[in-house]
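Structure first, then comments.
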Amino acid sequence: RVVAGDVHPVRRSRGYAPLPVRLPVEVAPVLAVGGELKNTCAVAVGRVAWVGQHVGDMEHLATLEAFQRTAVNLQRMYRVAPQVVAVDGHPKYLTRRWALEHHRDLSVEVQHHHAHVAALMAEHGVTRAIGVAFDGTGYGLGDDGAPELWGGEVLVAGFDGFERAAHLCPFPLPGGDAGVRNPCRAAVAALLAAGAQPVGLPCAEACEDVELAVVSRQVERDVGCVPTTSMGRLFDVVSSILGVRHRITYEAQAAIELEALAAAAVPDGPTVLFAVEDGVIDQTPLLLALAEAVRGGTPAGPLALAFHRAVAQAIRDAVAMVVARDPGVAALPVGLTGGVFQNALLTGLARDALEADGRTVLTHRVVPANDGGIALGQAVVAGVARRSYDTAIEGSR
1 RVVAGDVHPV RRSRGYAPLP VRLPVEVAPV LAVGGELKNT CAVAVGRVAW VGQHVGDMEH
61 LATLEAFQRT AVNLQRMYRV APQVVAVDGH PKYLTRRWAL EHHRDLSVEV QHHHAHVAAL
121 MAEHGVTRAI GVAFDGTGYG LGDDGAPELW GGEVLVAGFD GFERAAHLCP FPLPGGDAGV
181 RNPCRAAVAA LLAAGAQPVG LPCAEACEDV ELAVVSRQVE RDVGCVPTTS MGRLFDVVSS
241 ILGVRHRITY EAQAAIELEA LAAAAVPDGP TVLFAVEDGV IDQTPLLLAL AEAVRGGTPA
301 GPLALAFHRA VAQAIRDAVA MVVARDPGVA ALPVGLTGGV FQNALLTGLA RDALEADGRT
361 VLTHRVVPAN DGGIALGQAV VAGVARRSYD TAIEGSR
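In case it helps, the working numbering puts the sequence shown at residues 1 to 397.
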């Protein structure tokens with residue numbers, strides 16, 4: 001996809017895979033098995049990595065078999081005998097289960113959003129960055145150590161680790177995957193969590209009476225809801241609040257339609273904002289303002305554009321907050337990664353906002369911003385860790 005004159009890959013396939021990616025660091029021989037959606041796998045050794053072709057979503061036996069063939073072929077083709085196998089932290093990913101079954105003693109977890117940021121750093125040849133990783137789903141742990149669905153993360157990262165410097169305020173996703181397929185349910189839950197009543201809004205009107213009652217009870221009793229910090233899910237929420245899309249039939253449909261509506265809107269429109277403080281990007285004031293505007297009769301188009309602008313401003317404010325807290329990271333480039341940044345409008349707005357503050361902005365050119373790129377990041381993170389371990393062992397002898 002072309003964004004402001006730059007080509008951003010959506011899928012790395014013929015003509016690109018498996019062209020080598022030159023790395024800024026040395027890595028031990030590694031196999032990275034990628035994620036669950038838009039899967040690719042990768043091998044790396046020394047200062048070069050090879051990312052395989054698009055395999056697909058790991059929901060069918062045929063896809064899993066194609067993944068296994070690709071992983072084996074990459075190792076044979078480039079004569080990489082892995083000393084470490086990189087896996088995602090999500091316990092239910094089939095790629096992870098495959099790795100643990102075949103390479104349990106070699107398997108190392110790489111956090112999903114760290115892998116996103118590491119992939120972007122690797123393709124740009126940098127070793128440290130402030131990474132804005134916005135996507136739909138990634139396994140993480142909350143402040144209390146409980147599992148969360150991350151996806152609205154600002155990380156200060158190197159290949160050897162990361163700090164979660166800021167994140168979207170957690171909100172409830174009712175029914176997990178059911179909430180993803182039904183943005184109207186997610187919107188009702190997010191509004192209730194923000195202290196707003198959804199009655200009379202398009203999202204509530206799109207729900208059956210029983211759905212509305214069940215979601216309300218789920219949020220009230222904190223039962224059957226998965227806490228998420230996902231910016232991708234927030235796009236779904238806003239799409240339904242504005243009456244754009246309430247049920248989806250393909251991945252990211254609500255967000256895609258919201259972007260299209262925003263791109264066609266007249267630039268002069270309302271302003272809505274997140275509250276960014278204490279490491280949290282809080283969507284509460286934004287959701288309240290959008291709900292009030294919809295009730296007041298403001299058309300969906302200008303509000304969709306206002307939301308995109310608000311996300312870009314939140315990125316700018318979050319990065320400024322991170323730098324103010326730790327001036328030592330002020331000179332680091334800022335990377336935009338994760339599937340949300342396949343949104344051309346948002347990527348352009350965010351880049352402009354960051355560059356206005358004098359930041360160097362990195363976007364994907366070699367691997368996709370979506371999960372099709374995380375195998376590269378997994379490979380470098382795990383490969384660096386194994387090489388550091390081997391060096392330490394050698395030094396102790």
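Yeah, the Cβ is synthetic: ideal placement off N, Cα and C, and Gly gets one too.
Look at L141 here: in three-state DSSP terms it is strand.
The straight-line gap separating the alpha-carbon atoms of P170 and P227 is approximately 6 Å. In the DSSP assignment, the residues bridged to T228 are L149 and F171.
For E101, the enclosing alpha helix (DSSP H) covers residues L94 to H103. When the beta-carbon positions are compared, V367 and P9 come within less than 8 Å of each other. Relative to the Cα of V156, the nearest Cα in the group L286, V223, P333 and F341 belongs to P333. Per DSSP, reduced to three states, the secondary structure at A260 is helical.
Nearest to T95 by C-alpha distance, out of A118, A264, A66 and L191, is A66. In the same chain as H60, and ignoring 5 residues on each side of it, no C-beta atom comes closer than 8 Å to its own. For G179, the enclosing alpha helix (DSSP H) begins and ends at D177 to R181. Inter-residue distance for A331 and A356 is about 14 Å (C-alpha atoms, whole angstroms). Sorting R221, H116, A306 and A350 by C-alpha distance to the C-alpha of L192 places R221 at the top. Looking at the DSSP output, A275 sits in a beta bridge with D282. In the three-state reduction of the DSSP assignment, A42 falls in the strand class, which pools E and B.
Excluding five sequence positions before and after V80, the CB atoms of its chain that fall closer than 6 Å to its own CB belong to P29, V43 and V45, given in chain order. Here V156 is bridged, per DSSP, to I130 and E163. Under the 8 Å Cβ criterion, the region 284-301 counts as touching the region 235-244, having at least three qualifying pairs. Annotation for R22: the continuous beta strand (DSSP E) segment containing it runs P20 to A32. The DSSP-derived three-state label of D6 is strand. For G142, the CB contacts under 6 Å within the same chain, skipping 5 residues up- and downstream, are E148 in chain order.
DSSP places G35 outside both helix and strand once states are collapsed to three, so it counts as coil.
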